[in-house]
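Under my numbering, the first residue of the sequence shown is numbered 35, with each subsequent residue one higher.
See below for the structure under consideration.
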Amino acid sequence: MGDILYLILMGVCPVAIYCLIKTKPRGTALPAVPKAEAAPYTPALPQAAPARHWSDEGRFQLEVVAESRYQATIRQLAGAHGEQSANARHPAILLPDDMNAYEATAVAVFLSGQMVGYLEPKQAAAFRRLLAQQELEGQPTSCDALIRGGGLWEGKRLSYSVSLDVEPLI
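This is the structure we're talking about:
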């Protein structure tokens with residue numbers, strides 16, 4: 035009797051497992067939750083005149099980072115340049131960003147009043163130390179900026195970059 039029960043279980047179990055696998059019980063799909071589109075954070079640019087103008091004699095060696103988020107703005111500021119790369123100069127404002135949730139020493143970069151990125155974190159920390167040494171903590175300062183890139187390659191527009199005429203700080 036035990037052998038017969040064992041054989042029945044051995045025959046029924048694989049059939050039951052096979053049926054479960056093949057039928058793939060489907061759960062009730064949850065409705066899609068729309069994602070809220072949050073506006074990117076942009077620090078407020080004060081109306082006060084810059085406390086100082088920096089210059090590195092036109093070398094433009096200090097690169098702005100996170101400019102990928104601002105490509106549309108930079109493209110607009112670059113102006114028309116056809117298939118060639120842009121080479122557009124603009125006045126820049128460097129603003130210590132004390133409200134930045136991700137970087138305590140952030141320095142925002144604005145061209146012609148529009149946000150285009152930040153100084154790289156190590157450069158920003160060094161820049162803030164320089165501001166403190168010159169008793170300019172928290173104040174906006176200015177420099178010249180150069181927009182490069184955006185040329186056409188294989189039918190596609192390349193990214194733009196922004197360089198500042200400020201001596202590299204590290």
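Beta carbons are placed, not taken as given, at the ideal position from N, Cα and C, and that holds for glycine.
Proximity to Ser-193 across His-87, Val-99, Ala-85 peaks at Val-99, based on C-alpha coordinates. Judged by beta-carbon spacing, Glu-97 lies beyond the 8 Å limit of Ser-176, meaning their Cβ atoms are not closer than that value.
Annotation note: the region 95-175 contains the following uninterrupted beta strand (DSSP E) runs of length 3 or greater, listed N- to C-terminal: 96-99, 120-130, 141-145, 148-153. With respect to the 8 Å criterion, Ala-160 and Tyr-152 are not classified as neighbours on the basis of their beta carbons.
Contact check between the region 173-191 and the region 117-136: three or more CB pairs, one atom from each, fall below 8 Å, which counts as touching. Here the C-alpha atom of Lys-156 lies approximately 20 Å from the C-alpha atom of Thr-76. For Ser-193, there is no enclosing beta strand (DSSP E), as DSSP marks it with neither H nor E.
Distance check between His-124 and each of Ala-135, Ile-108, Gly-189 places Ile-108 closest, using alpha-carbon atoms only. In the three-state reduction of the DSSP assignment, Asp-178 falls in the strand class.
Here DSSP, grouped into helix, strand and coil, assigns Leu-186 to strand. Taking 8 Å as the cut-off, the beta carbon of Ala-126 is found no closer than this to the beta carbon of Ala-112.
For the 8 Å CB-CB criterion, Gly-185 and Ser-119 form a contact. Cβ-Cβ distances below 6 Å link Pro-202 to Gln-95, Leu-96 in the same chain, with the five nearest sequence neighbours on each side left out; the list follows chain order. Here Leu-198 is not near Gly-147, since their CB atoms are 8 Å or more apart. If you compare the alpha carbons of Ala-158, Leu-180, Leu-165 with that of Pro-84, the shortest gap goes to Leu-165.
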